[in-house]
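In our numbering, the protein residues as written are 241 to 401.
Structure follows, in structure tokens:
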């Protein structure tokens, strides 16, 4: 599990960074073209949208790994020990149900997109829509790890995160 987790983390870090670098490059190209060239490329707006979408999809699992999503800290910090572990477990279980639901319907939506292509880049839209599935699966993976930690804390063992 540790090897899989480390591989997934590195992959998500690199791919989100590459998408971010690509986003910067595409936007800079568009700005440069609008300022200094007679015509600007028509595909940059669409490419930047898709790169942003995948950047967020790749990085969302990393945010889940660090429990970096927005929550009500002052309320959660009122709980200590096993009660806190129980509350964390409930939140994580609800989160994983939500992510599985998003992945399932995201997959259905992506399959509908097989017959469509993007306007400027002619990319099959199911590849773009798969970002939703990627987001949900990566968040669910790290949430499942948190559930294991929550159960360990609930039953008196030390948390790993």
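Here a beta-carbon is modelled for each residue, glycine too, at the ideal position from N, C-alpha and C.
Close beta carbons around residue i, own chain, < 7 Å, minus the five adjacent residues each side
i           : result
residue 370 : 350
residue 383 : 304, 332, 335, 336, 339
residue 388 : none
residue 330 : none
Inter-residue CB distance, residue i and residue j (contact presumed, cutoff 8 Å)
i           : j           : result
residue 419 : residue 303 : This structure gives no information on residue 419, because the portion of the chain shown stretches from 241 to 401.
residue 252 : residue 378 : 6 Å
residue 346 : residue 368 : Contact doesn't hold; Cβ gap of about 11 Å is too wide.
residue 286 : residue 391 : Actually they do not touch by this definition, with Cβ atoms about 44 Å apart.
residue 343 : residue 308 : No, residue 343 and residue 308 are not in contact; Cβ-Cβ is about 20 Å, not under 8 Å.
residue 260 : residue 295 : 5 Å
Close-in-space but distant-in-sequence residues of the same chain around residue i (CB under 6 Å, 5 per side omitted)
i           : result
residue 267 : 288
residue 375 : 297, 300
Alpha carbon of residue i to alpha carbon of residue j, nearest angstrom
i           : j           : result
residue 356 : residue 275 : 33 Å
residue 272 : residue 322 : 57 Å
residue 327 : residue 280 : 53 Å
residue 353 : residue 265 : 27 Å
residue 393 : residue 365 : 43 Å
residue 317 : residue 310 : 14 Å
residue 245 : residue 397 : 21 Å
residue 277 : residue 363 : 26 Å
residue 250 : residue 320 : 33 Å
Bridge partner(s) assigned by DSSP for residue i
i           : result
residue 357 : 364
Contact set for residue i: own chain, Cβ-Cβ below 8 Å, skip 5 residues either direction
i           : result
residue 269 : 281, 284
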